[in-house]
Every structure is written in C-alpha cells, then in structure tokens.
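Report on the following structure.
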C-alpha cells in the first residue's frame, strides 16, 4: 500500500486548458492498447464530469467527484490489480482498470478537482493510518483556508466529513510540489522536498506521456 499523503500541488490555469481528451484517448490507446467499452465509458463520463466548472459551488464539486469514483470503481489491492505491492495509477489507468487501491482514488479525485478549478492551496492528498483496519491508507482533503479543519474525501467512507469527525484516521505525513510536511498539534511542519518522492514523480511522468500538461 501507499503512505498517508497530504498533497498540495500548484494549480495552473494551463492545466484545465490543456486537457484535450481526444488527444489523450489517442495517446493512451497507443500506450495501453484499445480500451474496453466499459472502460471508455468511464473515461468519457470522467471527461464530462471535469468539464463542469465549480462556479462557486465547492461542496457540490466535492460531492460529485467523491461520488463519481466511489460509485464506479472497485476497491482492490495493488497486488490484485497490478501484480505489485504499491503502484500509483494515473487517473486514466485507474479508469481503464475499473479498480484500484486507496491512493488511486485520492489521486484521481485530486486531479479531477484541480481540473474543475479548485486551487491547490485547498487540496491535499494525505497519507494516514486507518486505525480500525490497522493499515496504511490515503485520502483527499479539502481546506477552506490553510489552517482550517479539512473535509475528508475517502473511498472507505462515502460521507464527506470534517477530519475531527474521522478519529479512525491518524495523519502520518503530507506533501505537495513545494515540500513535505509532518503533522503537529497546531497544523503541520515542512520537513523536506517532495521531489524525492519517486512514486509521485513517476506518476507525473506517466500523466505527461498520456497527454496531460502538468507543471509540478
């Protein structure tokens, strides 16, 4: 499994403008082969979802994205889906498979909300320990302000709740394009550079190869 990440990544207006799904579909078919009809339907539905801007309704956007992935995708271990212990799938890889681990949900939700216009200063991918399951887990969190109590978007619990109402999740660390953070009593403390997170860098490289223009 993956590690508990809080990911704050810089939002760029070019990100949304560069998502040409005709080109992305052509590129990914060359990379991965033809998509099944079910997989292509999921990708087309995702393209329609992220083309709908937030327009001030952040809660509505969070709900739509959370429900989209939680209702369509099957939660499966990486060893079952990818034949390896820990693999961070791109959103397209995740949608083509129709199944994935918790980091795949968090990553796909993150990029979806980025595309819809929610700024990176409000979005973080967070690595936690799921206490009831006694295992590592990953979720997406949304912060109204940097010091606010975040809302948690989770594939294990479909209800979006404030972090204070998720005592079953224990934060471990977080990262964004600018650095790494550890939790502390009054927030978080930056401790390093996210460029050393090789799985995240590999994910970004694969997304660019699929046709997504991202500037992390």
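Residue numbers (mature numbering (1 follows the signal peptide of the UniProt record, and there is no 0)): -16 to -1, 1 to 200. C-beta atoms are modelled at their ideal positions from N, C-alpha and C, and glycine is treated no differently. Model, not experiment: these values are computed from the prediction.
Residue i burial status per 10 Å Cβ neighbour count (16 or more: buried)
i: residue 4; result: exposed
i: residue 134; result: buried
i: residue 131; result: exposed
i: residue 196; result: buried
i: residue 136; result: buried
i: residue 93; result: buried
Sequence-distant residues of its chain with Cβ nearer than 8 Å to residue i (five each side left out)
i: residue 72; result: -15, 87, 88, 91, 183, 184, 186, 187
i: residue 190; result: 74, 77
i: residue 48; result: 33, 36
i: residue 15; result: 193, 194
CB of residue i within 8 Å of CB of residue j, strictly
i: residue 81; j: residue 65; result: yes
i: residue 110; j: residue 122; result: yes
i: residue 8; j: residue 194; result: yes
i: residue 10; j: residue 79; result: no
i: residue 97; j: residue 45; result: yes
i: residue 68; j: residue 62; result: yes
i: residue 166; j: residue 175; result: yes
Beta-ladder partner(s) of residue i, from DSSP
i: residue 188; result: Partner(s): none; residue 188 has no beta bridge.
i: residue 125; result: 108, 136
i: residue 193; result: None, per the DSSP bridge assignment.
Contacting residues, own chain, Cβ-Cβ under 6 Å from residue i (five flanking each side not counted)
i: residue 52; result: 33
Own chain, CB closer than 7 Å to residue i, minus 5 neighbours either side, in chain order
i: residue 138; result: 123
i: residue 154; result: 112, 113, 115
i: residue 58; result: 82, 83
Runs of alpha helix (DSSP H) lying entirely within the stretch 68 to 117, each at least 4 residues, in chain order: Runs found: 75 to 81, 86 to 100.
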